[in-house]
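Participant: In terms of numbering that gives the first Met the number 0, the sequence shown opens at residue 0 and continues consecutively.
Cβ atoms here follow ideal geometry from the backbone N, Cα and C, with glycine treated the same way.
In this text, all values refer to a predicted model and were calculated from it rather than measured experimentally.
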Amino acid sequence: MSRWIAAAGVAVVSLDSMLNIALPAMAAAFAMPPEQVRWAIVCYVFTYAITSFAGGAAGDRLGHRRVFTAGVLLSALGFAVCGAAPAFGWLLVGRVVQGFAGGLVYGTAPALVTLGADASERGRRLGFLNAAIGVAFAVGPLVAGVIVDALGWRWVFHVRVPLALATFVWTSMSLPATRGGTRSRTVTLPDLIRRPVLHACALAFLANAGIFAIWLLAPFYLVERRGLDASIGGVLFMLTPLGTAVGAPVAGWLTDRVGPRWPIMIGLVLETLGLLALAGAGPSTSLAVVAGALLAAGLGIGVFQVPFMAFVMASFPPGQQGAAGGLTFMARTLGVVAGVLILAEVFAVGRTARGVDRAFSEAFLVAATGVALAALLASTIQAGRSNRPRG
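1) Terminal residues of the continuous alpha helix (DSSP H) containing residue 117?
2) Say yes only if the C-beta of residue 53 is nearer than 7 Å to one or more non-hydrogen atoms of the ligand NAP, and no if none qualify.
3) Where does residue 391 fall in DSSP's three states?
4) Residue 349 by DSSP, collapsed to three states: which one?
5) Can we say the segment 322–338 touches the segment 44–63, given the rule of at least three CB pairs closer than 8 Å?
6) Taking residue 14 as part of the alpha helix (DSSP H), name the residues at either end of that continuous run.
7) Can you check the segment 9–81 for any alpha helix (DSSP H) of at least 4 residues that lies completely inside it and give the ranges in chain order?
8) Could you tell me the alpha carbon to alpha carbon distance between residue 302 and residue 198, rounded to whole angstroms?
9) Just to confirm before moving on: does the CB-CB distance between residue 123 and residue 251 stay below 8 Å?
10) Less than 8 Å between the CB atoms is what I'm expecting for residue 273 and residue 292, so what's the real figure, rounded?
11) What are the uninterrupted segments assigned as alpha helix (DSSP H) that are 4 or more residues long and contained completely in the segment 194–246, given in chain order?
12) Check residue 164 in the structure and name its three-state DSSP category.
13) With a 10 Å radius around its C-beta and 16 neighbouring C-beta atoms as the bar for buried, classify residue 181 as buried or exposed.
14) Could you spell out the range, first to last residue, of the alpha helix (DSSP H) harbouring residue 297?
15) From residue 146 to residue 233, what distance separates their C-alpha atoms?
16) Between residue 278 and residue 286, what straight-line distance do the alpha-carbon atoms span, to the nearest angstrom?
17) What residue range is occupied by the uninterrupted alpha helix (DSSP H) comprising residue 153?
18) Taking the alpha helix (DSSP H) that residue 369 belongs to, which residues open and close that run?
19) Taking only the alpha-carbon atoms, compute the straight-line gap between residue 371 and residue 202 and give it to the nearest angstrom.
20) I need the boundaries of the alpha helix (DSSP H) containing residue 262, first residue and last residue.
21) Going by DSSP in three states, residue 104 sits in which element: helix, strand or coil?
22) May I have the straight-line CA-CA distance separating residue 195 from residue 129, to the nearest angstrom?
23) Please state whether the Cβ-Cβ distance between residue 6 and residue 127 is less than 8 Å.
24) Quick check on residue 144: does DSSP put it in helix, strand or coil?
25) CB residue 369 to CB residue 267, shorter than 8 Å?
26) On the three-state DSSP scale, how would you describe residue 180?
Put into structure tokens, the structure is as follows:
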């Protein structure tokens, strides 16, 4: 039951992919260029990047269900504030609230999924969790395209309020309260700066910074540059998270059998190829080519995320699994923040100096270069099967 509830919680949070296809409408509503609307992403993502680790560590002490439930309920509040925001500043306030809540959910979900499971099943359980994230990411743009066309961008927040409240009730009624890990040792700086942990987190940072070229810029490319309706753009855009949803369970199965090294490398190579294909896409590029590139990049990040999480969580003892799971989300999310800030700036500079088409190409090329570097670093990651947690 705990894995289904954890999956429901991360799915509600991950439906934030609805926002991306609504970005052009939001930019028009607040009369802002794309590089300014990025702060709606940064405020949310940077907040949950920080709170995911803190939330996971708090779950080790206070009980993972207790912290997870608080995050789900606070998410409902964040959605309500964003949907009712009278000005862009109020939207950013709501996004911070939403980010704090999302960090509590993301930080505790990996521990809820894996606690009590044998080490040989860790990859599959994390694959199930990441598949739920990928499905929500995939459904979000598709539904959001229809919602934005019919009701306006505010409804991408409104519709998630009842979903969060329903998940809160389900969690409260079905998941037994647990005490925190009274015998667990608090995670310290030496725990975090061990070379294997830092190595894996650096890969996640680069991989997730690269994939956000798609989340930030692809909606503008599809809707504004290609002239597609938001609903059609949403169908194409969903191919990236759909690839993630397909790749995650396969990667989990593979990780349990051959260890994390090869799935990590395969995922990064696929992501690099997808981003490189998008770097070459222009206003007349076949939509089939664009669709294939979006799918390949999403499949790559999906294959990468699961062995990365399994590797990091196996490096910490059972009493620190909340902090370990939170650390994985913090590393990947800090990469997202860096990707948003850097790639938006690359796009803005390129658009001014060389035009929109060159700006899109340069931003995707920078993203692909970062992921390619991660793939090179991954070649030195320790081989072998995932080990049981230390301790």
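Facilitator: For this structure:
1) Looking at the DSSP string, residue 117 is not in any alpha helix (DSSP H), and its letter there is neither H nor E.
2) Ligands are entirely absent from the displayed structure, and the ligand NAP is therefore not among its contents.
3) Residue 391 lies beyond the stretch modelled for the chain, which goes from 0 to 390, so this question has no answer here.
4) In this structure, residue 349 counts as helix in the three-state DSSP scheme.
5) By the Cβ test, the segment 322–338 is in contact with the segment 44–63, since at least three Cβ pairs between them sit closer than 8 Å.
6) Counting along the chain, residue 14 falls outside any alpha helix (DSSP H), and DSSP gives it neither H nor E.
7) 16–28, 33–61, all fully within the segment 9–81.
8) For the pair residue 302 and residue 198, the Cα-to-Cα distance works out to about 18 Å.
9) Closer than 8 Å, so yes.
10) Right, their Cβ atoms sit about 5 Å apart.
11) Whole alpha helix (DSSP H) segments, 4+ residues: 194–219, 229–236.
12) Assignment of residue 164 by DSSP, reduced to helix, strand and coil, places it in the helix class.
13) Residue placement at residue 181 is flagged as unreliable, the pLDDT there being 45, under the threshold of 50; a coordinate-derived value is accordingly withheld.
14) Taken as a continuous stretch (DSSP letters only), the alpha helix (DSSP H) holding residue 297 covers 286–312.
15) Separation of residue 146 and residue 233 (C-alpha to C-alpha, rounded to the nearest whole angstrom) is 11 Å.
16) Our two residues, residue 278 and residue 286, have alpha carbons roughly 14 Å apart in a direct line.
17) Counted as a single uninterrupted DSSP element, the stretch harbouring residue 153 is not any alpha helix (DSSP H), since DSSP gives it neither H nor E.
18) Counting along the chain, the alpha helix (DSSP H) containing residue 369 begins and ends at 355–377.
19) Approximately 10 Å, taken between the alpha carbons.
20) Here the alpha helix (DSSP H) through residue 262 covers 260–278.
21) Three-state DSSP puts residue 104 in a helix.
22) In a straight line, the C-alpha of residue 195 is about 22 Å away from that of residue 129.
23) Residue 6 is a Cβ neighbour of residue 127, given a cutoff of 8 Å.
24) Collapsing the DSSP output to three states places residue 144 in a helix.
25) Between residue 369 and residue 267, the C-beta spacing is not below 8 Å.
26) Any answer about residue 180 is weak, because its pLDDT of 49 lies below 50 and its placement is not dependable; what the coordinates show is given next. DSSP places residue 180 in coil when its eight states are reduced to three.
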